[in-house]
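Enquirer: Input: one structure, supplied below.
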Amino acid sequence: MSEQLPVINLMGPTASGKTALACELYERGGFELISVDSALVYKDMDIGTAKPTKDEQALFPHHLIDIISPLEVYSAAQFVDDACVLIDDIHQRGKTPILVGGTMLYFKALLEGLSTNLPGADATVRAEIEAKAEQEGWEAVYAELCAVDVLAGEKFKVSDRQRIIRALEVYKLTGQPITKLQAEQPKNVPYRYTFHNHALLPDRLELHKRIEKRLEIMWKIGFLNEVEDLIKKYDLNENLPSMRAVGYRQVLEFLYNGDRSLKKIQEMEDKALFATRQLAKRQYTWLRSLQESHNFQTYLTIKQAQEDLRNCYG
């Protein structure tokens, strides 16, 4: 068997400082950066995603940024396919790939592989499920899922709308529970790589301060205007994956509501802050789960991470 090639995974919740760390490593030479972020794939979504600026990208090029429009869908399976091609290309150039981001589902898919042969998304089936939710409420849709897939019902909550849609979609397309299919199907694990996993896990209170500061800057530099421009350019709606990104969902709701009063602006900003904190909480949970199955180096502070990464990759 040929020697397994190294892949550096640099993970962390939003606003933890992982991108700056990756760029510092990149400067030492011998590395290329691959973005692991489900929001950075979208063109024209720059401020609300904290996307590296054009100047920053010129200095620190990232693969898998600005690859699709906000109207398109990008899945974990597509990410794994794209990332593996890039990883192989980078190794052929004699360099080491650094995967940096906060979309833990993508990292999990890369580390553990994906169940194969599950049906792809079906727009008609999804539309039927969403129509039922609109007419009868999500509780009714959740009850339907519980009736056909008890295990999924135990794993999901009523608020897990996308997971409920996917589980019901698979059942309607195959006649079998998604949990049964996932348990039975083999995993497609890219064994040819050796993953070196590093995670920034800052103190929650410190992270909340960073999140609040980042959002304050986003509002000042024109996040609201960015979403207004997106609405003019694209036929957007709240069900698009791009518009389910934290911040964008809250701004879109505010703009479509039509009330531009200071009170409503403050409500929008508060909702975006809360949603971002909830995202960070979910990212912590994902990371803790991944740590149970994979070797990790974790850091409480950026300084700790810098020192260790210098020692590891000099």
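Using this note's numbering, the first residue of the sequence shown is number -9, and each one after it goes up by one.
We treat Cβ as the ideally placed atom computed from N, Cα and C, and that holds for glycine.
Model, not experiment: these values are computed from the prediction.
Does DSSP put tyrosine 183 in a helix, a strand or coil?
Expert: Your numbering for residue 183 matches position 193 in the sequence shown. Note: tyrosine 183 maps to strand in three-state DSSP.
Enquirer: Rounded to whole angstroms, how far is the Cβ of valine 217 from the Cβ of tyrosine 246, which I believe are closer than 8 Å?
Expert: For the purposes of this step, residue 217 is taken as residue 227 along the sequence shown, with counting starting at 1. For the purposes of this step, residue 246 is taken as residue 256 along the sequence shown, with counting starting at 1. That pair is no contact at about 10 Å.
Enquirer: How would you call leucine 226, buried or exposed, if buried means at least 16 neighbouring beta carbons within 10 angstroms?
Expert: Here residue 226 refers to the residue found at position 236 of the sequence shown. So leucine 226 counts as buried.
Enquirer: Is the beta carbon of phenylalanine 213 sitting closer than 8 Å to the one on isoleucine 37?
Expert: By one-based count along the sequence shown, residue 213 stands at place 223. By one-based count along the sequence shown, residue 37 stands at place 47. Yes. Within cutoff.
Enquirer: Do valine 70 and leucine 54 have their C-beta atoms within less than 8 Å of each other?
Expert: Position 80 of the sequence shown, counting from 1, holds the residue named residue 70. Position 64 of the sequence shown, counting from 1, holds the residue named residue 54. Not in contact: valine 70 and leucine 54 (Cβ atoms no closer than 8 Å).
Enquirer: In angstroms with no decimal places, state the Cα-to-Cα distance between isoleucine 77 and proline 87.
Expert: Within the sequence shown, the letter at position 87 stands for residue 77. Within the sequence shown, the letter at position 97 stands for residue 87. If you take the alpha carbons of isoleucine 77 and proline 87, they lie about 6 Å apart.
Enquirer: Could you tell me which residues DSSP pairs with glycine 91 in its beta bridges?
Expert: Reading the sequence shown from its first residue, position 101 is the one you call residue 91. The partner list for glycine 91 (beta bridge, DSSP) reads Met1, Val26.
Enquirer: Where aspartate 139 and glutamine 281 are concerned, what is the direct C-alpha to C-alpha distance, given to the nearest angstrom?
Expert: As a working mapping, residue 139 is identified with position 149 in the sequence shown. As a working mapping, residue 281 is identified with position 291 in the sequence shown. The alpha-carbon atoms of aspartate 139 and glutamine 281 are separated by roughly 28 Å.
Enquirer: Label threonine 9 either buried or exposed according to how many other C-beta atoms from any shown protein chain fall within 10 Å of its C-beta, with 16 as the threshold for buried.
Expert: To locate residue 9, count along the sequence shown from 1; it is residue 19. It counts as buried.
Enquirer: In chain order, what residues of the same chain lie with their CB nearer than 6 Å to the CB of histidine 81, ignoring the 5 residues before and after it?
Expert: Residue numbering aside, residue 81 sits at position 91 when the sequence shown is read from its first letter. Closer than 6 Å at Cβ, skipping near neighbours: Leu(-5).
Enquirer: Can the beta-carbon of proline 3 be found closer than 8 Å to that of glutamine 240?
Expert: For the purposes of this step, residue 3 is taken as the residue at position 13 of the sequence shown. For the purposes of this step, residue 240 is taken as the residue at position 250 of the sequence shown. Cβ atoms of proline 3 and glutamine 240: not closer than 8 Å.
Enquirer: According to DSSP, is glutamine 287 part of a helix, a strand, or is it coil?
Expert: Counted from its first residue, the sequence shown places residue 287 at position 297. In the structure shown, glutamine 287 sits in a strand (DSSP, three-state: E or B).
Enquirer: What residue does the alpha helix (DSSP H) around alanine 235 start on, and which one ends it?
Expert: Counted from its first residue, the sequence shown places residue 235 at position 245. Alanine 235 -> no alpha helix (DSSP H), and no H or E assigned at all.
Enquirer: Identify whether alanine 189 lies in helix, strand or coil by the three-state DSSP scheme.
Expert: As a working mapping, residue 189 is identified with position 199 in the sequence shown. Strand.
Enquirer: Can you check DSSP and say which residues form a bridge with threonine 315?
Expert: Outside the modelled stretch of the chain, which goes from -9 to 304, sits residue 315, for which no answer is possible.
Enquirer: Check for me: the alpha helix (DSSP H) holding glycine 143 runs from which residue to which?
Expert: The residue labelled residue 143 in the question sits at position 153 within the sequence shown. Note, glycine 143: alpha helix (DSSP H), 140 to 145.
Enquirer: Sort out for me which residues DSSP pairs isoleucine 154 with in a bridge.
Expert: Position 164 of the sequence shown, counting from 1, holds the residue named residue 154. According to DSSP, isoleucine 154 bridges with nothing at all.
Enquirer: Considering just the uninterrupted stretch of the alpha helix (DSSP H) at arginine 300, what are its terminal residues?
Expert: Counting from 1 along the sequence shown, the entry for residue 300 is found at position 310. It spans 292 to 303 - the alpha helix (DSSP H) in which arginine 300 sits, taken as one unbroken run.
Enquirer: Using the rule of at least 16 other Cβ atoms within 10 Å of the residue's Cβ for burial, across every protein chain shown, is asparagine 215 buried or exposed?
Expert: Against the sequence shown, residue 215 aligns to sequence position 225. Flag for asparagine 215 reads exposed.
Enquirer: The alpha helix (DSSP H) with valine 31 in it runs from where to where?
Expert: Start at 1 with the first residue of the sequence shown, and residue 31 comes out as number 41. Run containing valine 31: none; DSSP gives neither H nor E here.
Enquirer: Can you give me the start and stop residues for the alpha helix (DSSP H) that leucine 54 sits inside?
Expert: Within the sequence shown, the letter at position 64 stands for residue 54. Run containing leucine 54: none; DSSP gives neither H nor E here.
Enquirer: Are leucine 163 and valine 115 close, meaning C-beta to C-beta below 8 Å?
Expert: As a working note, residue 163 is residue 173 in the sequence shown. As a working note, residue 115 is residue 125 in the sequence shown. Yes, they are a contact pair.
Enquirer: State the start and end residues of the unbroken alpha helix (DSSP H) segment that holds glutamate 196.
Expert: Counted from its first residue, the sequence shown places residue 196 at position 206. Glutamate 196 -> alpha helix (DSSP H) spans 194 to 210.
Enquirer: Which residue marks the beginning of the alpha helix (DSSP H) containing serine 279, and which one marks its end?
Expert: If you number the sequence shown from 1, residue 279 lands on position 289. Serine 279 -> alpha helix (DSSP H) spans 252 to 281.
Enquirer: Span of the alpha helix (DSSP H) holding glutamine -6?
Expert: Here residue -6 refers to the residue found at position 4 when the sequence shown is read from its first residue. Unbroken run through glutamine -6: none, as it is neither H nor E.
Enquirer: Would the region 148 to 161 and the region 118 to 130 be scored as touching if the rule is three or more Cβ pairs under 8 Å?
Expert: Judged by Cβ distances under 8 Å, the region 148 to 161 makes contact with the region 118 to 130, as three or more pairs qualify.
Enquirer: Out of curiosity, what's the CA-to-CA distance linking proline 51 and leucine 108?
Expert: If you number the sequence shown from 1, residue 51 lands on position 61. If you number the sequence shown from 1, residue 108 lands on position 118. In this structure, the straight-line span from the alpha carbon of proline 51 to that of leucine 108 is close to 34 Å.
Enquirer: By Cβ distance below 6 Å, which residues in the same chain neighbour alanine 5 in space, the five residues on each side in sequence not counted?
Expert: If you number the sequence shown from 1, residue 5 lands on position 15. Shown here for alanine 5: same chain residues with a beta carbon closer than 6 Å to its own, the five before and five after excluded, namely Arg200, Ile201, Arg204 in chain order.
Enquirer: Using 10 angstroms around the beta-carbon of asparagine -1, count the other beta-carbons present and answer buried if the total reaches 16, otherwise exposed.
Expert: For the purposes of this step, residue -1 is taken as the residue at position 9 of the sequence shown. By the 10 Å Cβ count, asparagine -1 comes out buried.
Enquirer: Alpha carbon to alpha carbon, how far is glutamine 287 from methionine 35?
Expert: Counting from 1 along the sequence shown, the entry for residue 287 is found at position 297. Counting from 1 along the sequence shown, the entry for residue 35 is found at position 45. Cα to Cα, the separation comes out at about 31 Å.
Enquirer: Can leucine 101 and glutamine 296 be called in contact, C-beta distance under 8 Å?
Expert: Reading the sequence shown from its first residue, position 111 is the one you call residue 101. Reading the sequence shown from its first residue, position 306 is the one you call residue 296. In this structure, glutamine 296 does not lie closer than 8 Å to leucine 101 by Cβ.
Enquirer: How many angstroms separate the CA atom of alanine 173 from the CA atom of tyrosine 224?
Expert: In the sequence shown, residue 173 corresponds to position 183, counting from 1. In the sequence shown, residue 224 corresponds to position 234, counting from 1. Roughly 39 Å between the two C-alpha positions.
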